[in-house]
Amino acid sequence: MGEDGESPKINHSFLRDYVTEADVISTVEFNQTGDLLATGDKGGRVVIFQRETEPKGESEELCESGEYNVYSTFQSHEPDFDYLKSLEIEEKINKIRWLPQQNAAHFLLSTNDKTIKLWKVSERDKRPEGYNLKDEEGRIKDISTVTSLRVPVLKPTDLMVEVRPRRIFANGHTYHVNSISVNSDGETYLSADDLRINMWHLDITDRSFNIVDIKPANMEDLTEVITAAEFHPHHCHMFVYSSSKGTLRLCDMRESALCDKHSKIFEEPEDPGNRSFFSEIISSVSDVKFSHSGRYLLTRDYLTVKVWDLNMEKGPVETYQVHEYLRSKLCSLYENDCIFDKFECVWNSTDSVIMTGAYNSFFRMFDRETGRGVTLEAWRESSKPRAVLRTRRVYTGGRRRRGDVGVDSLDFSKKILHMAWHPAENIIAIAATNNLYIFQDRVNPENQ
Amino acid sequence: MIHSLWMNDQMLFSCSGCVSACTLVSFSTVLGCHPCFRLNMFSKGTKRKFSDGGEEISEETLVGARMASSYSLQRQSLLDMSLIKLQLCHMLVEPNLCRSVLIANTVRQIQEEMTHDGSWQVVTEAFCSAGQSPSERLVATEVLCRSREQDAEPKLFSVISYEGCREEEVVADETLCSVSVSDAVSNVCLAGSIGQCWEKSDVETDDEALEDSRLGSGEDEEIDTEDEPSREGPKTIGQVFGTFEIKNSSPGPDSALEELFSDVDTSYYDLDTMLTGMQSAPKMGPYDLLDSLAPSHGSSSIVSAPNCRSDLNELDHIMEIIVGS
C-alpha cells in the first residue's frame with residue numbers, strides 16, 4: 001500500500017451506495033461467512049444485506065463477486081422510558097453481533113443502551129398448498145363442499161425472510177451497554193456497560209453473571225469507565241476490556257468468579273512531553289478488537305490506533321497516527337464535543353491490515369508489514385459506482401498537492417465511526433452517517 | 001430526525017462555548033500542545049524572591065509572567081467550558097457517563113493545578129471583595145471545591161503562576177509549588193458564596209501547609225489535602241454519577257452555608273422536581289444539575305435547592321423509604 005495517490009497497485013471498486021431512510025447508521029457487522037451484513041441505526045432498525053451468490057456478468061471477468069442487496073429489515077428496539085429516573089431510553093442500536101451458524105437459520109444479537117435481543121432470521125420459500133379444511137385464502141371451507149381428501153404439498157413461493165425475537169435479555173444493566181461479544185463456546189456472550197460486564201447464557205434470559213464490576217463504593221470516586229469489551233476468539237475463558245484511561249485489562253474467568261482483578265493490564269506510559277489537559281481524554285480507548293489469530297489486540301484512541309501483543313504489557317508493539325494534525329486543535333474539538341467521538345477499528349482477515357475511521361468522510365488503512373497508511377474517502381460525490389477509489393491526503397505542510405485537504409476545511413460532522421471488514425475477503429463496509437458504502441478490492445479480492 | 005437533533009445539540013454547545021471562544025484562538029497553543037513550555041520555564045526548582053516593580057525585572061520574567069497569565073486565562077476558560085458541559089445535559093436521555101467522567105476528571109485536574117499555584121485562592125479572594133451574589137457561579141465553585149481526590153499520586157508537572165504575585169514564593173521542587181495570594185484576577189465567574197465561606201479556611205490551611213513545606217517537609221501531597229473541602233467533596237462528584245442510580249443522602253450541610261442562601265428566592269423550589277428527579281441533593285453542584293435537570297425542569301431548581309437543604313434531607317429520607325434503597 002502506498003500513500004501516493006498515483007499508485008496503480010490499489011484498485012478498489014465502489015459497488016453500491018445504500019441510503020437507509022435518512023437514519024444514522026450506528027453499527028455494522030458481517031456474519032462469520034461474510035454472506036450477510038447487518039447494520040443498525042439510531043431509529044432502532046436493523047437492515048440485513050445478503051451477498052448474491054451467483055456472480056453477475058461475464059465470467060471471464062476476473063474475480064467477479066456478488067453484490068450486497070437488502071435481505072431483511074426489522075425494527076429491533078423501540079424507544080423506551082425509564083419511569084424510575086424519568087429518562088428516555090434510546091432505541092439506537094449500539095452493537096450487533098452474529099452468532100455462528102448452526103442450522104439453516106441465522107441468529108444475531110442486537111443491543112441498545114439497556115436491552116439485548118436475540119433474533120432468529122429464517123427463510124421461507126415454500127408453502128403448503130392443498131388444505132382440506134381451508135381454501136387458498138385461508139378461510140374455513142364448508143365441510144359439505146369437501147368431496148375428497150388430498151395431501152397438502154409444499155410448493156415453492158417467493159422467498160420470505162422472517163425475523164423473530166427469540167430471547168430478550170432485559171434488566172441486566174443499570175448503565176449504558178457499549179459492547180456485546182459472543183463467546184467462542186457458542187453458548188455464552190458478554191455485555192458490557194460503563195461500569196459492569198455481565199455474562200449471559202444464550203438460552204437464559206432471567207439471569208446473568210456479573211464478571212466485572214468497577215463501580216466504586218462512592219460514586220464520587222469514579223474516575224474510570226469501561227469503554228469496550230470482547231471475548232478472545234479462541235479461548236472461551238478469556239476476555240479483554242478497555243477503559244477511559246487508556247488501559248486494557250485481560251481477564252481470565254478461571255481465576256475467579258468476579259474478574260475485577262485482571263490477569264494482565266496493558267498500559268502505555270504517558271509521554272510527558274505531550275501532556276495537556278486533554279491527555280486523558282484522548283487516551284480513552286474507544287474500541288478494542290482481538291486479531292483473528294488471537295495473538296494481538298487492536299485499540300483505537302482519539303488520535304491513534306495501536307497494536308498490542310498479548311505477551312507484552314508494557315506498551316503497544318505498533319502505533320499508527322490516524323490524524324495527528326488534530327493534536328493542535330484539541331481544545332476546539334473539546335468544545336464541540338468531537339473529542340468524545342468513539343471511532344471503531346477493524347482487522348482484515350489475515351491481520352495484516354488495520355482500518356479505522358476519521359473525519360471528513362475519511363477513513364484510514366494501515367499496512368502492518370510496511371507500516372504505511374493510506375487515507376480513503378467515503379463520499380458519494382467523489383465516487384461513482386465501480387469507480388476506483390483514489391487516496392486522499394490532508395495537507396500538513398511541505399509541498400501541497402492537488403486534491404490535498406487543509407486541516408481547517410475538514411468537515412467534523414462527517415465522521416466515519418462504524419465499519420466492518422469481511423471475514424475472508426477484501427470487502428469493507430463503511431457507515432457514513434446514513435449511508436452505507438461497500439468497497440471491494442478488485443485486484444486482490446482474496447487475502448494473500 | 002435523530003440526526004438533526006444531534007446537530008442542534010452541537011450548535012447548543014457552540015453557543016454556550018462562544019463566551020470563551022474568543023480566548024480559544026491561541027488556547028490550544030498554550031494548553032494543548034506546548035506544555036513543555038512550562039516545564040522548560042520551571043524545570044529547575046529554584047528559590048526565587050519576587051521583587052516589586054522598581055527593582056530589576058528581567059525580560060524573561062516579564063515574558064514569562066505574561067505567558068503565564070494568558071495560560072491562566074485560557075485554563076480558566078477551559079474550566080468554564082467544562083463546567084458548562086457538565087451542566088448542559090440531555091434532559092430527556094441519560095447523559096453519557098463516559099463523557100461526564102472525562103469532563104469531571106478534566107475539571108479536577110484544572111482545579112488541582114489552580115490550587116497548586118494558588119490561583120484558586122486568587123479567584124476566591126477577588127470574589128469576596130467583589131461581593132457577587134450567588135447564582136449559577138456558586139454551582140461551579142461547589143464542584144471545584146469539592147472535587148478532591150483522595151489518592152496522593154504525585155503530579156506530573158507543576159504550575160507556578162507568577163502573575164502579579166505579592167508575597168514571597170518558594171519553589172521547593174518541581175511538584176511543589178506554593179504561590180500565595182494575588183489580586184490580579186482575570187475571571188471571577190467561578191466563585192460563589194459557598195466557596196467564599198470555606199475557601200477562607202482553605203487558605204488558612206494552605207498557609208499552614210505552606211509553612212511546613214518551606215521547612216522542607218517535602219510532602220507535597222499533603223498540602224493539597226484539606227479536611228474541610230474533602231468532607232464536602234464526596235457529595236458533589238457523586239451527583240454527576242448519581243443521576244444513574246439512587247443514592248443515599250448524606251448528613252446535613254453547614255448552617256453557615258444555609259445562612260448564605262437565606263436571601264435566595266425559594267419560590268422556585270419545586271417539591272416535584274426533587275422527588276421526580278429522585279435525587280438527594282443537600283448540596284448543589286454542577287453535577288447536581290444533571291439530576292435536577294433530568295426530569296426536564298428548569299434551572300430554577302438549581303438556585304433554590306441549596307436553600308432548602310434541611311427540607312431536602314427530609315425528602316431524601318422519605319424517598320429512601322419509598323424506594324427502599
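Taken in sequence, the protein lines are chains C and D.
Position 252 (the first sequence) corresponds to 252 in this note's numbering; numbering is contiguous.
Position 130 (the second sequence) corresponds to 130 in this note's numbering; numbering is contiguous.
We treat Cβ as the ideally placed atom computed from N, Cα and C, and that holds for glycine.
For E52(C), three-class secondary structure by DSSP:
Position 52 of the first sequence, counted from the first residue, corresponds to residue 52(C). Three-state DSSP puts E52(C) in coil, outside helix and strand.
Going by DSSP, name the residue or residues bridged to R164(C).
Your numbering for residue 164(C) matches position 164 in the first sequence. R164(C) is bridged to K120(C).
With H, G and I counted as helix, E and B as strand and the rest as coil, what does DSSP make of R442(C)?
Translated into positions along the first sequence, residue 442(C) becomes position 442. In the structure shown, R442(C) sits in coil (DSSP, three-state: anything other than H, G, I, E or B).
Within the segment 285 to 344 of chain C, note down every full beta strand (DSSP E) run reaching 3 residues or more, in order along the chain.
Assignment of beta strand (DSSP E) within the segment 285 to 344 of chain C, counting only whole runs of 3 or more residues, yields 287 to 290, 296 to 300, 304 to 309, 318 to 321 in chain order.
Taking 9 Å as the CB-CB cut-off, is T29(D) touching chain C?
Within the second sequence, residue 29(D) is the residue found at index 29, counting from 1. Because T29(D) carries a pLDDT of 41, less than 50, the predicted location of this residue cannot be relied on, and no value is offered for it.
Counting only Cβ-Cβ distances shorter than 8 Å, please list the residues of the segment 90 to 103 of chain C near chain D, keeping chain order.
Considering only beta carbons, the part of the segment 90 to 103 of chain C lying closer than 8 Å to chain D consists of E90, K92, in chain order.
Starting from E230(C), find everything on chain D with Cβ-Cβ shorter than 9 Å and list it in chain order.
As a first step, residue 230(C) is located in the first sequence; it is residue number 230 there, counting from the start. Neighbours of E230(C) across chain D, judged by C-beta separation under 9 Å, do not exist; the nearest C-beta is about 17 Å away.
Cβ-based burial, K126(C) [other Cβ within 10 Å; buried from 16]:
On the first sequence, position 126 is the one that residue 126(C) refers to. Per the 10 Å Cβ criterion, exposed.
Under 8 Å by Cβ, that's how I've got H173(C) and R196(C) pegged, so tell me the actual separation to the nearest angstrom.
The residue given as residue 173(C) occupies position 173 in the first sequence. The residue given as residue 196(C) occupies position 196 in the first sequence. Contact flag correct, Cβ pair sits at about 7 Å.
Can you pull the chain D neighbours of I168(C), defined as C-beta to C-beta under 7 Å?
Stepping through the first sequence from its first residue, residue 168(C) is reached at position 168. Result: empty, since nearest Cβ-Cβ is about 20 Å, beyond 7 Å.
Go ahead and label E335(C) buried or exposed: buried means 16 or more other beta carbons lie within 10 angstroms of its beta carbon, across all protein chains shown.
Reading the first sequence from its first residue, position 335 is the one you call residue 335(C). E335(C) counts as buried, since at least 16 other C-beta atoms from the protein chains shown sit within 10 angstroms of its C-beta.
Three-way DSSP call (helix, strand, coil) for V101(D) in this model:
Locating residue 101(D) in the second sequence gives position 101, counting from the first residue. Helix, per DSSP.
Helix, strand or coil: which one does DSSP assign to A431(C)?
Mapped onto the first sequence, residue 431(C) falls at position 431. If DSSP states are grouped into helix, strand and coil, A431(C) belongs with the strands.
Cβ of E94(D) less than 9 Å from any chain C Cβ?
Working through the second sequence from its first residue, we reach residue 94(D) at position 94. The beta-carbon of E94(D) is placed less than 9 Å from the nearest beta-carbon of chain C.
Along the beta strand (DSSP E) that carries K95(C), what are the first and last residues, could you check?
Reading the first sequence from its first residue, position 95 is the one you call residue 95(C). It spans 95 to 98 - the beta strand (DSSP E) in which K95(C) sits, taken as one unbroken run.
May I have the straight-line CA-CA distance separating E136(C) from T73(C), to the nearest angstrom?
The count along the first sequence starts at 1 and reaches residue 136(C) at position 136. The count along the first sequence starts at 1 and reaches residue 73(C) at position 73. When rounded, the distance between both Cα atoms is 28 Å.
Under 9 Å between C-beta atoms of V405(C) and R392(C):
Locating residue 405(C) in the first sequence gives position 405, counting from the first residue. Locating residue 392(C) in the first sequence gives position 392, counting from the first residue. Between V405(C) and R392(C), the C-beta gap is smaller than 9 Å, which places the two residues in contact.
Using a Cβ-Cβ distance cut-off of 9 Å, determine whether L248(C) contacts chain D.
As a working mapping, residue 248(C) is identified with position 248 in the first sequence. With 9 Å as the cut-off, L248(C) does not count as an interface residue toward chain D.
E255(C) and S263(C) look like a contact to me (Cβ under 8 Å); what is the Cβ gap, rounded to whole Å?
Indexing the first sequence from 1 puts residue 255(C) at position 255. Indexing the first sequence from 1 puts residue 263(C) at position 263. Contact between E255(C) and S263(C) holds, with the beta-carbon distance rounding to 7 Å and staying under 8 Å.
Check whether chain C comes within 9 Å of L97(D), counting only Cβ atoms and requiring the distance to be less than that.
In the second sequence, residue 97(D) corresponds to position 97, counting from 1. It does: the Cβ of L97(D) has a partner Cβ on chain C nearer than 9 Å.
Which residues share a DSSP beta bridge with L68(C)?
Translated into positions along the first sequence, residue 68(C) becomes position 68. The amino acid occupying residue 68(C) in the given sequence is Tyr; Leu does not appear at that position. Y68(C) pairs with R51(C).
Starting from L73(D), find everything on chain C with Cβ-Cβ shorter than 8 Å and list it in chain order.
Here the question's residue 73(D) lines up with position 73 in the second sequence. Contact of L73(D) with chain C by beta-carbon distance below 8 Å is absent, the smallest such distance being about 13 Å.
Please report the straight-line C-alpha distance between D35(C) and N105(D), rounded to a whole angstrom.
Reading the first sequence from its first residue, position 35 is the one you call residue 35(C). Reading the second sequence from its first residue, position 105 is the one you call residue 105(D). Those two C-alpha atoms are separated by around 44 Å.
Identity of the residues DSSP links to W200(C) by a beta bridge
Numbered from 1 along the first sequence, position 200 holds the residue referred to as residue 200(C). Answer by DSSP bridge pairing, in chain order: Y189(C).
For Q109(D), go through chain C and note every residue whose CB falls closer than 7 Å to its CB, in chain order.
Numbered from 1 along the second sequence, position 109 holds the residue referred to as residue 109(D). Within chain C, the residues near Q109(D) are F277.
If you reduce the DSSP assignment to three classes, tell me which class H116(D) lands in.
In the second sequence, residue 116(D) corresponds to position 116, counting from 1. In the three-state reduction of the DSSP assignment, H116(D) falls in the helix class.
For D287(C) versus G246(C), is the C-beta spacing smaller than 9 Å?
Position 287 of the first sequence, counted from the first residue, corresponds to residue 287(C). Position 246 of the first sequence, counted from the first residue, corresponds to residue 246(C). It is not a contact, given that the beta carbons lie outside the stated cut-off.
Determine the direct distance from the alpha carbon of H176(C) to that of Q101(C), and round the result to whole angstroms.
Locating residue 101(C) in the first sequence gives position 101, where the first residue counts as 1. Locating residue 176(C) in the first sequence gives position 176, where the first residue counts as 1. Using only the alpha carbons, I get a separation of about 28 Å.
Count the other CB atoms, across all protein chains shown, that sit within 10 Å of the CB of K117(C); report buried if there are 16 or more and exposed otherwise.
The residue given as residue 117(C) occupies position 117 in the first sequence. Its Cβ being crowded by 16 or more others within 10 Å, K117(C) is buried.
Going by alpha carbons, who is nearest to E94(D) out of L99(C), H106(C), F81(C), I96(C)?
Start at 1 with the first residue of the second sequence, and residue 94(D) comes out as number 94. The shortest C-alpha separation from E94(D) is found at F81(C).
is_contact[E335(C), chain D] using C-beta, thresh 9 Å:
By 1-based counting over the first sequence, the position of residue 335(C) is 335. Yes, because at least one Cβ of chain D sits closer than 9 Å to the Cβ of E335(C).
When the cut-off is 9 Å and only beta carbons count, does H77(C) lie next to chain D?
The sequence position of residue 77(C) within the first sequence is 77, counting from 1. Not a single CB atom of chain D sits nearer than 9 Å to the CB of H77(C).
Endpoints, the alpha helix (DSSP H) within which A65(D) is located:
Indexing the second sequence from 1 puts residue 65(D) at position 65. In the DSSP assignment, A65(D) falls within the alpha helix (DSSP H) that extends over 59 to 87.
Please go through the same chain and pick out, in chain order, the residues whose beta-carbon is closer than 7 Å to the beta-carbon of L113(C), but skip the five residues on each side of it.
In the first sequence, counting from the first residue as 1, residue 113(C) sits at position 113. The sequence shown places Asp at residue 113(C), rather than the Leu named in the question. These residues qualify, in order along the chain: I89, E90, N94, H176, V177.
Is Q101(C) helix, strand or coil by DSSP?
On the first sequence, residue 101(C) is found 101 positions in, with the first residue counted as 1. In the structure shown, Q101(C) sits in coil (DSSP, three-state: anything other than H, G, I, E or B).
Below 8 Å on C-beta distance, what does S284(C) contact in chain D?
Locating residue 284(C) in the first sequence gives position 284, counting from the first residue. What S284(C) touches in chain D: C98, L102.
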